[in-house]
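Novice:
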Amino acid sequence: MPKKSLNRFSMFVKSGGENYIMGTLKLNVSDADKVYIVENDQGGVMWNPLTQPYVVAVASHKKESKFRGLKSFIAYQLTPTFNNIQVSRRYKHFDWLHERLEEKFSLIPIPPLPEKQISGRYERQLIERRMNQLQAFVDFVCRHPVLSQCSVWEHFLTCTDEKKWKPGKRKAEKDELVGANYFLTLQAPDKAINIYNLEQETESCSRFVHSMDIAVKVLMACSQDQTKKHQGLYKREYEKIGLSFCNLAQAFGLEEASGSDNSGLSESIRYVGDTYNDIGKLFDEQPKHDWGPLGDILHIYKGILAAFPDILTVHKDTMAKRKDCERLTLDHKMETSQLQQVVQRTDVVSYALLAEINHFHAERTTQIRKAMKSFLCEQVAFYQKIAAKLQDAYSLFEDQ
Numbered sequence: 001m002p003k004k005s006l007n008r009f010s011m012f013v014k015s016g017g018e019n020y021i022m023g024t025l026k027l028n029v030s031d032a033d034k035v036y037i038v039e040n041d042q043g044g045v046m047w048n049p050l051t052q053p054y055v056v057a058v059a060s061h062k063k064e065s066k067f068r069g070l071k072s073f074i075a076y077q078l079t080p081t082f083n084n085i086q087v088s089r090r091y092k093h094f095d096w097l098h099e100r101l102e103e104k105f106s107l108i109p110i111p112p113l114p115e116k117q118i119s120g121r122y123e124r125q126l127i128e129r130r131m132n133q134l135q136a137f138v139d140f141v142c143r144h145p146v147l148s149q150c151s152v153w154e155h156f157l158t159c160t161d162e163k164k165w166k167p168g169k170r171k172a173e174k175d176e177l178v179g180a181n182y183f184l185t186l187q188a189p190d191k192a193i194n195i196y197n198l199e200q201e202t203e204s205c206s207r208f209v210h211s212m213d214i215a216v217k218v219l220m221a222c223s224q225d226q227t228k229k230h231q232g233l234y235k236r237e238y239e240k241i242g243l244s245f246c247n248l249a250q251a252f253g254l255e256e257a258s259g260s261d262n263s264g265l266s267e268s269i270r271y272v273g274d275t276y277n278d279i280g281k282l283f284d285e286q287p288k289h290d291w292g293p294l295g296d297i298l299h300i301y302k303g304i305l306a307a308f309p310d311i312l313t314v315h316k317d318t319m320a321k322r323k324d325c326e327r328l329t330l331d332h333k334m335e336t337s338q339l340q341q342v343v344q345r346t347d348v349v350s351y352a353l354l355a356e357i358n359h360f361h362a363e364r365t366t367q368i369r370k371a372m373k374s375f376l377c378e379q380v381a382f383y384q385k386i387a388a389k390l391q392d393a394y395s396l397f398e399d400q
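If you're matching positions, the sequence shown starts at 1 in UniProt numbering and goes up one per residue.
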């Protein structure tokens with residue numbers, strides 16, 4: 001069973017959501033911890049873009065052991081392009097990182113990790129599939145302007161010394177700038193947000209997320225079904241066709257052995273049978289080139305989409321508290337100056353949400369387009385291989 005994600009709304013409340021809105025949270029924020037939200041050329045808002053983008057390669061999975069071989073595990077080698085220094089991480093390290101990111105960022109959906117046990121036929125296949133999904137997770141974090149710059153991610157990527165790993169791990173676990181406290185780090189535009197436009201954007205996001213969530217789940221099920229059929233039903237059907245032609249070739253071979261002038265026909269038919277057997281093998285191998293990678297990107301978006309309802313609830317609760325303060329001001333139970341401060345802080349939360357929504361839409365457009373191009377490129381290459389094999393078989397009969 002996949003691990004249940006942390007409830008962001010609960011985390012926001014527990015970490016002092018109301019205290020942030022009311023201005024009673026007091027924590028020192030260093031310049032290094034500040035995160036900027038800026039306006040773009042279209043008048044929208046976005047996270048301050050990355051000035052030095054980088055990628056991280058997840059590769060060279062290998063089995064390692066400790067306690068003199070009593071316990072073995074799979075370790076993955078991660079190499080960032082900003083320093084080209086390799087670090088070794090286990091699945092449990094990724095799991096720990098994921099928890100820290102979910103705890104820290106109330107309004108940013110954290111991409112899912114692969115499930116602890118991925119379905120597959122062989123151990124090597126399981127490990128490679130998990131490595132591919134870990135790569136998809138890492139790619140998403142690297143592209144995010146906020147996640148890719150946070151200290152816990154930096155520690156995860158760069159710490160090569162076991163003695164430094166544990167103190168860094170404890171420091172991340174004691175981080176005070178998590179949940180609601182994290183909003184203290186945000187530096188947003190001073191311009192007041194138009195409430196009507198804000199409501200339109202959040203409602204539109206909610207509808208889109210719901211629709212895309214359904215579509216992604218359907219396509220994921222289709223991807224899994226096609227993978228099973230390629231490696232089972234389709235492979236068997238082509239092997240059955242191949243066997244049928246081979247049986248025919250064997251029968252014709254008996255006639256040729258008795259002096260018939262159909263010399264070579266049985267071998268040509270046998271070649272056709274072998275061709276269909278080869279096509280069956282192509283079907284067996286194909287999912288790792290098309291349906292598998294497409295399924296990996298869908299797995300990422302399934303997790304991201306699942307996080308959005310909680311994220312929107314955090315914002316909705318923030319705006320409800322703001323309305324409460326507006327009513328208190330009308331009833332002369334709150335000073336106007338205090339309300340202005342509440343409005344300013346809730347605008348920070350709204351700006352953060354809008355920045356994340358805009359990042360989400362830009363990302364999903366780029367990444368889904370890229371995934372579709374890759375999928376169709378592999379499909380074309382696959383069927384071209386099949387056509388080429390059939391063409392070779394056909395050529396044997398042209399001169400007969």
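Using N, Cα and C, we set each Cβ at its ideal position, and we do this for glycine too.
Kindly indicate the opening and closing residues of the alpha helix (DSSP H) around VAL348.
Specialist: 336–398
Novice: On the DSSP bridge list, what partners appear for GLU173?
Specialist: DSSP output for GLU173 lists no bridge partner at all.
Novice: For VAL218, count the other beta carbons within 10 Å of its own beta carbon; 16 or more makes it buried, fewer makes it exposed. Which is it?
Specialist: Flag for VAL218 reads exposed.
Novice: Do you know whose CA, among ASP290, MET131 and ASP274, lies nearest SER88's CA?
Specialist: MET131
Novice: Is the beta carbon of ILE304 less than 8 Å from the beta carbon of PRO109?
Specialist: yes
Novice: Going straight from the alpha carbon of LEU328 to that of GLY23, what length do you get?
Specialist: Going by the C-alpha atoms only, they are around 16 Å apart.
Novice: Cα separation between GLN226 and THR79?
Specialist: 33 Å
Novice: Just to confirm, are ASP274 and GLY242 a CB contact at a threshold of 8 Å?
Specialist: yes
Novice: If VAL35 and LEU97 are in contact, beta carbons under 8 Å, what's the gap, nearest whole angstrom?
Specialist: Incorrect: roughly 19 Å between the Cβ atoms, too far for contact.
Novice: Within the continuous beta strand (DSSP E) that includes SER88, where are the two ends?
Specialist: The continuous beta strand (DSSP E) containing SER88 extends over residues 87–90.
Novice: From LEU298, LEU339 and ILE85, pick the residue whose C-alpha is nearest to that of THR160; which is it?
Specialist: ILE85
Novice: Find out if the Cβ-Cβ distance for the pair VAL314, LEU107 is shorter than 8 Å.
Specialist: yes
Novice: Taking 6 Å as the limit between beta carbons, can you name the residues of its chain near HIS155, skipping five residues before and five after?
Specialist: Correct list, in chain order: GLY168.
Novice: Give me the residue from ALA307, PRO111, THR346 and GLN286 with the minimum Cα distance to TYR383.
Specialist: GLN286
Novice: For PRO114, does the count of other Cβ atoms within 10 angstroms reach 16, so buried, or fall short, so exposed?
Specialist: buried
Novice: Tell me, please, which residues DSSP counts as bridged to THR79.
Specialist: ALA57
Novice: Cα separation between PHE183 and ASN358?
Specialist: Roughly 18 Å separates the two Cα atoms.
Novice: Helix, strand or coil for ASN28 per DSSP?
Specialist: coil
Novice: Would you kindly check if the distance between the Cβ of GLN42 and the Cβ of ALA59 is under 8 Å?
Specialist: Not a contact, by the Cβ cut-off of 8 Å.
Novice: How close, in whole Å, do the beta carbons of ILE21 and ARG345 come, if the pair is a contact with beta carbons under 8 Å?
Specialist: 6 Å
Novice: What does TRP47 pair with, by DSSP beta-bridge criteria?
Specialist: ILE37
Novice: Consult DSSP for MET1 and reduce its assignment to one of helix, strand or coil.
Specialist: For MET1, the predicted model reports a pLDDT of 44, less than 50, meaning its position is unreliable and no value from the coordinates is stated.
Novice: Taking only three categories from DSSP, how would you classify LEU186?
Specialist: strand
Novice: How is ILE74 classed by DSSP in three states: helix, strand or coil?
Specialist: strand
Novice: Using 8 Å as the Cβ pair cut-off and three pairs as the minimum, do the region 364–375 and the region 245–254 touch?
Specialist: The region 364–375 vs the region 245–254: no contact.
Novice: Do you know how far the Cα of LYS92 is from the Cα of ALA188?
Specialist: 35 Å
Novice: Along the alpha helix (DSSP H) that carries PHE208, what are the first and last residues, could you check?
Specialist: Secondary structure note for PHE208: its alpha helix (DSSP H) is the uninterrupted segment 195–229.
Novice: Does the beta carbon of LYS333 sit closer than 8 Å to a beta carbon anywhere in chain D?
Specialist: Of the protein chains in the structure, only one exists, and it is not chain D.
Novice: Going straight from the alpha carbon of ASP95 to that of GLU335, what length do you get?
Specialist: In this structure, the straight-line span from the alpha carbon of ASP95 to that of GLU335 is close to 46 Å.
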